[in-house]
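**Q** A single structure is presented below for examination.
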Ligand code: TXA
Ligand code: MG
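In this note's numbering, the protein residues as written are 1303 to 1620.
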């Protein structure tokens, strides 16, 4: 049985107690909902994989409530990583660095590095603080499905899995955190996300993307197909001539397309990429439910959060 609790004082207290007992709690962060367990308890972490149906080679992100506590999860921190923590934590940035001994292997899927972030969502921070331990949490969706931005998204995909779903309303940012690895000493982008790359580069200089020839994906969750909705998705140029159809859905960036469609969602009438990112997964969930056989999705400009949006859309169309 999954209990759904409002993310108030009492709900957070109960959820923290469940985490301490080795339970699994879905909770809101500022990016997306996470599926959390005690990050130092391998059995509790195993439940996360079970509930998600996620392959075990996919390592988890540890969430802490302060940079000082987060640093204890790493065995060493280069100065550039230190500057990023100072500037962007709490916030939608995940750092991958050599792991401390205390971090269980199931968390890192056997890697020598661990991914850690301090989320900015106040419910997430309160929960981690009350639990008094790092909380391991991937996005609270079934493996390969869309990331949830509301408690209802979590319930639809995972009902019966977690012990508790903390309902804190719609998440503010709406796409996952940006992941930067320092595994080889210099910053490398593993996943574009809620913190624009430009802001990171302003602090540490140019950040490279991982080499495509790497034997295994640097961030296994970044497999091409990872974010796919259940319906076929086609990326198109805004305004491209696609014939309206009652069996097709349309995801527009700024303006409604002409004609009759199974469903239409407009991400941001004013062309605001932050608004578009915040509504992206919700729009895809809705279009997926419309019964359409294909979703046409307009490309968005590739700067700021537009990069993260395009990354998701490209994966969904792969
Ligand atoms: O915004 C977020 O980051 C959300 C919220 C809940 O915090 N979490 C999230 O987690 O998106 P998840 O598990 O869906 O994505 C984490 C990504 C995966 O692609 C995983 O492979 C990668 O981080 N990752 C974790 N540890 C890693 C490591 N040591 N090295 C490389 N990649 C790692
Ligand atoms: Mg995920």
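Idealized CB from N, CA, C, for every residue including glycine.
Is the beta carbon of residue 1594 less than 8 Å from the beta carbon of residue 1553?
**A** Taking 8 Å as the Cβ cut-off, residue 1594 and residue 1553 do not qualify as a contacting pair.
**Q** Under a Cβ-count criterion, where at least 16 other Cβ atoms within 10 Å of its own Cβ denotes burial, should residue 1517 be classed as buried or exposed?
**A** Any answer about residue 1517 is weak, because its pLDDT of 39 lies below 50 and its placement is not dependable; what the coordinates show is given next. Exposed, by the Cβ-count rule.
**Q** Are the Cβ atoms of residue 1440 and residue 1350 separated by less than 8 Å?
**A** Cβ distance < 8 Å, so residue 1440 and residue 1350 count as in contact.
**Q** Shorter than 7 Å, the distance from the beta carbon of residue 1479 to the closest heavy atom of the ligand TXA, or not?
**A** Yes, the ligand TXA has a heavy atom inside 7 Å of this Cβ.
**Q** What would DSSP say about residue 1415, mapped onto helix, strand or coil?
**A** Strand.
**Q** If you draw a straight line from the C-alpha of residue 1387 to the C-alpha of residue 1434, how long is it?
**A** One C-alpha to the other measures close to 20 Å.
**Q** Buried or exposed for residue 1374, going by 16 or more other Cβ atoms inside 10 Å?
**A** Classification of residue 1374: exposed, given that the 10 Å Cβ count is below 16.
**Q** Would you call residue 1461 buried or exposed, if buried means 16 or more other Cβ atoms sit within 10 Å of its Cβ?
**A** Residue 1461 comes out exposed.
**Q** Is residue 1340 near the ligand TXA, judged by its Cβ being under 7 Å from some heavy atom?
**A** It does not: the Cβ of residue 1340 is nowhere closer than 7 Å to a heavy atom of the ligand TXA.
**Q** Looking only at its own chain, which residues have a Cβ that is under 7 Å from the Cβ of residue 1317, when we skip the five neighbours before and after it?
**A** Correct list, in chain order: 1307, 1327, 1329, 1429, 1466, 1468.
**Q** Compute the Euclidean distance between the alpha carbons of residue 1427 and residue 1366, then round it to the nearest angstrom.
**A** The alpha-carbon atoms of residue 1427 and residue 1366 are separated by roughly 8 Å.
**Q** Are the Cβ atoms of residue 1607 and residue 1575 separated by less than 8 Å?
**A** Yes, these two residues count as a Cβ contact at 8 Å.
**Q** Distance check for residue 1542 and residue 1412, CA to CA, integer angstroms please.
**A** Cα to Cα, residue 1412 sits roughly 46 Å from residue 1542.
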